[in-house]
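Here the structure is laid out as structure tokens; the discussion comes afterwards.
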Amino acid sequence: MEAFARALESRKYADGRLLLAKDDGVALLTFNQPEKRNAISVAMWEAIGGVLDECREDHSVRVVILSGAGTKAFSAGADLSEFGGDREGAVPRREYEELTAAARAKLTAFPKPVIARIRGHCLGGGLAIAMHADIRIAAVDSRFGIPAARLGFVMGFDTVTRLVSLVGEAQARRLLYSAAQIDAMEAQRIGLVNRTVADEALSDAVVDLARTIADNAPLALAAAKL
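Those letters in the sequence shown? Residues 0 to 225, by numbering that gives the first Met the number 0.
Below, the structure is given as structure tokens:
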């Protein structure tokens, strides 16, 4: 994926922490904060909706890939340094929850197919984003979890609903109550991801699928998604 991205010209959003590149029907949206395991900052959450709107209106875009920069994480979730407590400049938790819910709603309503390319940690808010994609392909070194219960947070209703729809009530309760992490093979077994591949094969598998989707009729794809 890095080679795919380097071959294209990326536009920068959120001070470069969110990147968008387009090529031959495929848009690549990259969470670009690898020093924080691609934790999603407030500015990134704010930018996601605008980037999705751009991809929605661009008729040359047939499919969107979501990815994390580097090899350590798709996204480890929220950038916890930016909200709560009494820190100067911190975002109140309710405001933060409304912001993240709005971004996820944009993703839910997005009319084109979305693929989450997952390598490394995919946790909390990062997993919430991945679950709102249409297809999730993960490298075997990936780890999944929802640490909200351990951190004293509550996941959004839309995220819990999506989790239940993917893995069923019993597995959703296990993930939410335990706050434990599972590996990629377990994630595939319970339906959290569609497919697992070798680490080095991940980018090719995702790009090949995206190209296949992009070659199909856009109205038929939109109707199928609807």
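Built from N, CA and C at the ideal position, the CB exists for glycine as well. This one's a predicted model, so the numbers in the text were calculated from it and none came from an experiment.
Here Gln170 carries a helix assignment [DSSP, helix/strand/coil]. With a beta-carbon spacing of about 4 Å, Ala115 and Ala132 fall inside the 8 Å limit used to define contacts. Between Ala186 and Ala108 the beta-carbon gap is near 25 Å, outside 8 Å, which marks them as no contact. Contact holds between the segment 27-37 and the segment 58-71, because three or more Cβ pairs, one in each stretch, are under 8 Å apart.
A contact between stretches requires three or more CB pairs, one per stretch, nearer than 8 Å, and the segment 195-213 fails this requirement with the segment 45-58. For Ala147, the closest of Thr158, Val139, Arg210, Asp140 by C-alpha to C-alpha distance is Thr158.
Here Thr195 is bridged, per DSSP, to Ala137. Sequence-distant partners of Leu106 (beyond 5 residues in either direction) whose C-beta falls short of 8 Å from its own C-beta, in its chain, are Ile47, Leu51, Val113, Ile128, His131, Ala132.
When C-alpha distances from Val139 are compared across Ile145, Ile117, Leu122, Val153, the shortest belongs to Ile117. Each of Lys21, Met184, Asp23, Gly124 was checked against the Cα of Glu96, and the nearest Cα belongs to Gly124. The beta-carbon separation of Gly24 and Val63, rounded to 10 Å, does not stay under the 8 Å limit for a contact. When only Cα atoms are considered, Asp182 and Arg142 end up about 5 Å apart. In this structure, the straight-line span from the alpha carbon of Val153 to that of Leu122 is close to 14 Å. Ranked by Cα distance from His58, the first of Pro110, Asp203, Leu225 is Pro110. Lys111 sits in coil when the DSSP states are folded into three classes, being neither helix nor strand.
Per DSSP, reduced to three states, the secondary structure at Ala223 is helical. Here the C-alpha atom of Ala26 lies approximately 15 Å from the C-alpha atom of Asn215. Counting of Cβ neighbours within 10 angstroms places Asp207 among the exposed residues, the total staying below 16. By the neighbour-count criterion, in which a residue is buried when 16 or more other Cβ atoms sit within 10 angstroms of its Cβ, Phe156 is exposed. A direct Cα-to-Cα measurement between Asn31 and Gly167 gives close to 32 Å.
Residue environment for Leu18: buried (at least 16 other C-beta atoms within 10 angstroms of its C-beta). With at least 16 other beta carbons inside 10 angstroms of its own, Thr29 counts as buried.
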